[in-house]
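647 is the number of the first residue of the sequence shown in our numbering; add one for each residue after it. Using N, Cα and C, we set each Cβ at its ideal position, and we do this for glycine too. For reference, the structure discussed in these notes is given below.
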Amino acid sequence: MPRRSGFPPRTRHDLDPLLCGAPASGGDTYWSSGYAGYETLDPQTQARIANLSAVYVHRNPAYNPPTPPVHPLVCVHPETRRKTLFLSPSSAQSVVGLDEQSGRALLDELYAHATQPQFVWRHQWRPGDLIMWDNRCTMHRRDSFDDSQRRYMRRTQVLGPITMA
């Protein structure tokens with residue numbers, strides 16, 4: 647195969663591995679399945695949240711658009727066609743059409759359900775780890791850690807149209 651200009655061949659030995667610096671303790675990442683969270687809700691709760699949406703406000707005001715985004719609590723994944731809970735504990739602030747107390751209680755109930763141990767996978771990072779996930783059907787969080795220690799990761803996102811319904 648002819649070599650293309652600008653794309654020199656690289657051998658296994660000169661490739662840089664994914665770098666990951668992990669603190670001595672803490673900093674683990676946890677993922678929970680929005681599919682499992684939704685599919686194990688009782689039918690009454692599924693019906694109750696079917697047409698509800700949450701208002702999202704980022705904890706860093708610099709990231710907030712002039713009008714806060716609104717997303718359905720239940721989405722249909724565009725590829726799998728499965729229903730999934732679509733939640734963000736840190737930024738879903740209220741539920742459209744519910745008073746503040748009722749909306750907060752519903753969000754807390756859904757988070758508690760979706761993050762039960764049987765729906766969660768925990769990863770303790772080591773140098774060279776590579777993890778890929780689909781943010782359209784998962785929630786993730788990390789443990790706190792001593793900020794005098796380094797936690798370094800590379801992040802890559804696949805961008806495309808947002809077609810969740």
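Bounds of the beta strand (DSSP E) holding Leu731 are 729-731. Residue environment analysis places Trp677 among the buried positions, since at least 16 neighbouring C-beta atoms fall within 10 angstroms of its C-beta. Note on geometry: alpha-carbon atoms of Arg800 and Cys666 lie some 7 Å from one another. Under the three-state reduction of DSSP, Arg694 is assigned to helix.
For the pair Ala738 and Glu685, the Cα-to-Cα distance works out to about 21 Å. Non-local beta-carbon contacts of Asp775 in its own chain, meaning distances under 6 Å to residues more than five positions away in sequence, involve Cys666 in chain order. When beta bridges are read from the DSSP output, Arg768 appears opposite Tyr676. CA-to-CA, the gap between Trp779 and Pro724 works out to about 15 Å.
A direct Cα-Cα distance of roughly 33 Å separates Ala670 from Glu755.
Tyr757: member of the alpha helix (DSSP H) spanning 746-760, first to last residue.
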